[in-house]
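As given, the protein sequences belong to chains R and G, one line each in that order. If you read the first sequence in my numbering, its first letter stands for residue 32, the second for the next number, and so on. If you read the second sequence in my numbering, its first letter stands for residue 152, the second for the next number, and so on. Ideal Cβ positions, reconstructed from N, Cα and C, are used throughout, including at glycine. All values reported here derive from a predicted model rather than from experimental measurement.
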Amino acid sequence: MVTYLIRRLVFFFGALFAASVLIFILIRAAGGNVAAIVLGRHASANAIDALAAEYGLDRPLPVQYIDWIKGMLHGDLGRSFRTGESVADLVVSRLSISIPLALSGLILGLIIAIPAGVFAARNAGRPVGAFVGLLSQIGIAVPVFWAGILLSLLFGVYLGLLPTGGWVPWSVDPIQSIRSLVLPVISLGLILGAVMTRYVRSAILDVMNQDYVRTARACGMTESQALVQVGLRNASLPIVTVIGLQMAELIGGTVIIETVFSIPGLSRMILANVAAREVIVVQSTVMLIIVFVIFVNLMVDLLYSVLDPRTRLGQ
Amino acid sequence: MRLNVSLIIGAILTFCAISIAVVSTFWLPYNPNLPNIPNRLLAAGSAEHWLGTDVLGRDIISQLMVGARTSIVVGAGGATISLVLGAIMGLIAAASGKIVDETISRVADIMLSIPGMVTALVLAATLGSGALTTIFALTAFFTPSFTRVARSAALSVLQEDFITAAQLYGRGRMPRVARHVFPNIAGVLIVQFTLYFAAGILTEAGLSYLGVGVTRPGISWGLMLSEAQNQVGVSSPLAMWPGLSIVIVVLGLNLMGDGLRDVLDPKLSKSIL
Numbered sequence: 032m033v034t035y036l037i038r039r040l041v042f043f044f045g046a047l048f049a050a051s052v053l054i055f056i057l058i059r060a061a062g063g064n065v066a067a068i069v070l071g072r073h074a075s076a077n078a079i080d081a082l083a084a085e086y087g088l089d090r091p092l093p094v095q096y097i098d099w100i101k102g103m104l105h106g107d108l109g110r111s112f113r114t115g116e117s118v119a120d121l122v123v124s125r126l127s128i129s130i131p132l133a134l135s136g137l138i139l140g141l142i143i144a145i146p147a148g149v150f151a152a153r154n155a156g157r158p159v160g161a162f163v164g165l166l167s168q169i170g171i172a173v174p175v176f177w178a179g180i181l182l183s184l185l186f187g188v189y190l191g192l193l194p195t196g197g198w199v200p201w202s203v204d205p206i207q208s209i210r211s212l213v214l215p216v217i218s219l220g221l222i223l224g225a226v227m228t229r230y231v232r233s234a235i236l237d238v239m240n241q242d243y244v245r246t247a248r249a250c251g252m253t254e255s256q257a258l259v260q261v262g263l264r265n266a267s268l269p270i271v272t273v274i275g276l277q278m279a280e281l282i283g284g285t286v287i288i289e290t291v292f293s294i295p296g297l298s299r300m301i302l303a304n305v306a307a308r309e310v311i312v313v314q315s316t317v318m319l320i321i322v323f324v325i326f327v328n329l330m331v332d333l334l335y336s337v338l339d340p341r342t343r344l345g346q
Numbered sequence: 152m153r154l155n156v157s158l159i160i161g162a163i164l165t166f167c168a169i170s171i172a173v174v175s176t177f178w179l180p181y182n183p184n185l186p187n188i189p190n191r192l193l194a195a196g197s198a199e200h201w202l203g204t205d206v207l208g209r210d211i212i213s214q215l216m217v218g219a220r221t222s223i224v225v226g227a228g229g230a231t232i233s234l235v236l237g238a239i240m241g242l243i244a245a246a247s248g249k250i251v252d253e254t255i256s257r258v259a260d261i262m263l264s265i266p267g268m269v270t271a272l273v274l275a276a277t278l279g280s281g282a283l284t285t286i287f288a289l290t291a292f293f294t295p296s297f298t299r300v301a302r303s304a305a306l307s308v309l310q311e312d313f314i315t316a317a318q319l320y321g322r323g324r325m326p327r328v329a330r331h332v333f334p335n336i337a338g339v340l341i342v343q344f345t346l347y348f349a350a351g352i353l354t355e356a357g358l359s360y361l362g363v364g365v366t367r368p369g370i371s372w373g374l375m376l377s378e379a380q381n382q383v384g385v386s387s388p389l390a391m392w393p394g395l396s397i398v399i400v401v402l403g404l405n406l407m408g409d410g411l412r413d414v415l416d417p418k419l420s421k422s423i424l
C-alpha cells in the first residue's frame, strides 16, 4: 500500500511539473513578444520595454518559469496587464459560478446514468434495453451546446419559464441565480448522463456474468438483490474510473455551456482573456484547471485502491 | 450469422455524409458565403432554397454541405494523424524494454490528464484559430489514447505462440512487430479510429461554436449554430439543421464503430442494437 501511494504521488508531482512546463512553453514561446502584443501595433519601443520590465517579461524564460511556479505555490497567480487585477481574485469570483454548475451537472448525469445503465444491462437483448441504449447513443451524438440552444428555445423563448441566458450574482438574488443555472445544468447533465449510461451498462454487463453473482443467486437472492447487493459494489470500480475520465468531458462541457447561456464563469473568463492575449491570466487559470484534474485523477486512483484491494498489489 | 444492425445503419449514415462532403467539392447549389439580403431568412420549403436562408440570405443547404466537408476533413484528419502516431508509439512501447515503455506510457498518462478543451483554447490563443489548429489540437489529445490502446493490444499479441515461433524462426524484433503484431491489432485500431473520428467532429463543432475553431469564410456546423443562436426567436429552424447534421453523422460513426467491434471481436458483443 505504501509503495502504491508513493508511486501515485510521484506520478502526481511529475505530471504537474510536465504540464506546467508544457503550458509555459506553449503560451510563452509560441506567443511572441507579450508586451508588444498587449500594447498593440502603435506602441513605442520604450513603452513596450517599460511594460516588459514592470512584469518581468525581459528576464530569461527559465527565471520567469521559476518565478511563476513560486508565485503559484504562494497563491500569487499574477496580475492582468490591462486592469492590474489579481488573477487569484478574478478566479475566486468566477469559481462561485462554475463549480456549482459543473458539480450539479455531474450529479444530474449520475442520477440519470446509474438507473438507466442498470436497466439497459438487465434488459440487454430485449427491445426495451436496446431502446435505452439507442437513447444513450443519440445523447452521445448531441453536442452539449445544441442541447443548450434547444432547451433555451423551448423553456426560455416558447414557454417563457426560465431565463435563456445571463446571470444575476448570488449576492443580489440567489433564487434568480439558481433559475439561471437550471437550463445549463440540465443540458450538461443530460449529455454527461448519456455518455455515462454506456459505461454503467457495460460495467454491469461484465459483473452480471461473474461467478459471485451466480453464487448469490444460488444462495436464494433474487436477481435484483444480487445485482444491487453484490453486483453494484463490484461495478462501482469501473464507474469510479468513469467519473475520473469524465472530468475532462465535464470541464469541456462547462466551457461551452457557459458560452451558450452567457454565464460569466471561469471558462468565459479564459475565453475573453485568450482573445485579449492576457498571457498571465490564461497561463495561471489553465494551470489551476490542470492541477484540479490531475488531483481528481489521483483521488480516483486512491479511491480505487480502497474499493478494490487487488489494485494495490498488481501493477 | 446474425445481421449486425449497428454496423449497417452506421455505415449507411457515414457513407451518405462522406458522399455529401465529396459532392460539395465540385458542386454546390449556391455560393454559401454570398449574402443575398432580399432573400434573407426564407423559411424552409421555398422552391429555390429548400431549407431556406440565414439572416444574410445565404443558402442553408450549401452551408450544410460545406459544413459536412469541414467536419469530415477535420475529424478524419485529427483521427488519422493520431492513429498513425499512436500506433507507432504504442508498438514501440510494447516491443521495447522497460525504460522506453515506462517513458512513453507516463507521457501518455500526463497528456491524458490535461483536459482537451483547455489545450485547444491555449493552442487557439497561440497559433490562432482555424481548421489546421483544430486538427493539431485533436491530434494532441487523441494520440495518447491511441498509444495506450495500441500498446495494450500489442502486449497481449506478443504473448501468443506464433510470435515465439517467428522469433525461433529467426525474425528480428521489428520485423516481428511489423509482420505479426501490427496486423493483429489493426482491428482494434480501426474501431478506435471510427470512435475518435466521431469525437473529433463533436470537438470541432464545439470549438467552432466558441469561435476558436473554423471561422468565416470557412463554414462549420458549430459556427452555423453560433450564428443561428444570435437569431434565435427570429428563425429557430436555423438552429435545427446544423445540430441535426452533427447528431446524424456522429451517431452514424459511433454505431459503425460499435458494429465493427462486434464483428472484429465477437467475444465482447456489447453493442446496443
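Quick one: residues in its chain with C-beta nearer than 7 Å to the C-beta of residue i, no 5 flanking neighbours on either side, listed in chain order?
i: G/Gly394; result: Leu376
i: G/Thr270; result: Ala288, Ala291, Phe292
i: G/Ile370; result: Pro183, Gln214, Val217, Gly218, Thr221
i: G/Pro180; result: Asp210, Ile212, Ser213
i: G/Pro295; result: Ala259, Met262, Leu263
i: R/Asn328; result: Gly275
i: G/Gln343; result: Phe297, Val300
i: R/Phe186; result: Leu192, Leu193, Leu214
Tell me which same chain residues have a C-beta within less than 6 Å of the C-beta of residue i, skipping the five on either side of it?
i: R/Gly224; result: Gly140, Ile143, Ala144
i: R/Leu108; result: Val118, Ala119, Ser315
i: R/Gly196; result: Phe292, Ser293
i: R/Val164; result: It should be pointed out that residue 164 of chain R corresponds to Gly in this sequence rather than to Val. Excluding sequence neighbours, R/Gly164 sits near Ala151.
i: G/Leu306; result: Ala245
Check whether the Cβ of residue i lies closer than 8 Å to any Cβ atom in chain R.
i: G/Gly357; result: yes
i: G/Met152; result: Note that G/Met152 scores 44 on pLDDT, short of 50, meaning its location in the model is unreliable; the coordinates nonetheless yield the value given after this. No, because no Cβ of chain R sits closer than 8 Å to the Cβ of G/Met152.
i: G/Pro266; result: yes
i: G/Val385; result: Because the pLDDT of G/Val385 is 48, which lies under 50, any placement of that residue in the model is unreliable, and the number read from its coordinates should be weighed accordingly. Output row for G/Val385: interface = no.
i: G/Asn182; result: no
i: G/Ile397; result: yes
i: G/Gln343; result: no
i: G/Gln380; result: yes
i: G/Asn155; result: no
Could you check whether the Cβ of residue i sits closer than 8 Å to any Cβ belonging to chain G?
i: R/Asn240; result: no
i: R/Pro174; result: yes
i: R/Asn328; result: yes
i: R/Ile180; result: yes
i: R/Gly283; result: yes
i: R/Ala81; result: no
i: R/Trp201; result: no
i: R/Gln168; result: yes
i: R/Ala279; result: yes
i: R/Ile54; result: yes
i: R/Thr290; result: yes
i: R/Trp198; result: no
i: R/Ile321; result: yes
i: R/Ala297; result: Here the sequence assigns Leu to residue 297 of chain R, which means Ala is not the residue at that position. Cβ-Cβ to chain G under 8 Å: no for R/Leu297.
i: R/Trp99; result: no
If you drop the 5 nearest sequence neighbours on each side, which residues of the same chain put their C-beta closer than 8 Å to that of residue i?
i: G/Tyr207; result: According to the sequence as given, residue 207 of chain G is Leu; it is not Tyr. Closer than 8 Å at Cβ, skipping near neighbours: Pro186, Asn187, Ile188, Arg191.
i: R/Leu132; result: Leu212, Pro215, Val216, Leu219, Thr285, Ile288, Glu289, Ile294, Gly296
i: R/Leu36; result: Leu333
i: R/Asp237; result: Ala266, Pro269
Take the Cβ of residue i as the centre, count every other Cβ of all protein chains shown within 10 Å, and call the residue buried at 16 or more, exposed below.
i: G/Asp312; result: exposed
i: R/Arg264; result: exposed
i: R/Met32; result: exposed
i: G/Thr285; result: buried
i: R/Ile54; result: buried
i: R/Val312; result: buried
i: R/Val122; result: buried
Would you check if the stretch 263 to 283 of chain R and the stretch 248 to 255 of chain R touch, i.e. whether three or more CB-CB distances between them fall below 8 Å? no
Going along the chain, which unbroken runs of the alpha helix (DSSP H) with 4 or more residues stay wholly within the stretch 166 to 201 of chain R? 175 to 182
Between the stretch 162 to 176 of chain R and the stretch 357 to 370 of chain G, can you find at least three pairs of beta-carbon atoms closer than 8 Å? yes
Below 8 Å, can you find three or more Cβ-Cβ pairs linking the stretch 255 to 274 of chain R to the stretch 329 to 341 of chain R? yes
Segment contact, 8 Å Cβ cut-off, at least three pairs: the stretch 236 to 256 of chain G with the stretch 299 to 317 of chain G: yes
Pairs of beta-carbons, one from the stretch 97 to 106 of chain R and one from the stretch 183 to 192 of chain R, closer than 8 Å: are there three or more? Too few Cβ pairs lie closer than 8 Å, so no.
Give the list of continuous alpha helix (DSSP H) stretches no shorter than 4 residues that lie fully inside the stretch 259 to 304 of chain R. 263 to 291
With a threshold of 8 Å, are at least 3 pairs of Cβ atoms found where one atom belongs to the stretch 87 to 97 of chain R and the other to the stretch 298 to 306 of chain R? no
How do the stretch 201 to 212 of chain R and the stretch 229 to 247 of chain R stand: do at least 3 beta-carbon pairs fall below 8 Å, yes or no? no
Below 8 Å, how does it come out for the stretch 156 to 169 of chain G and the stretch 394 to 411 of chain G: are there three or more Cβ pairs, yes or no? yes
Between the stretch 345 to 355 of chain G and the stretch 224 to 231 of chain G, can you find at least three pairs of beta-carbon atoms closer than 8 Å? By the Cβ test, the stretch 224 to 231 of chain G is in contact with the stretch 345 to 355 of chain G, since at least three Cβ pairs between them sit closer than 8 Å.
Could I get the ranges of all uninterrupted alpha helix (DSSP H) runs contained in the stretch 266 to 314 of chain G, with 4 residues as the minimum, in chain order? The qualifying runs are 267 to 278, 282 to 309.
As an exercise, report each continuous alpha helix (DSSP H) stretch of at least 4 residues that is fully enclosed by the stretch 319 to 376 of chain G, in chain order. Listed in chain order, they are 324 to 327, 333 to 361.
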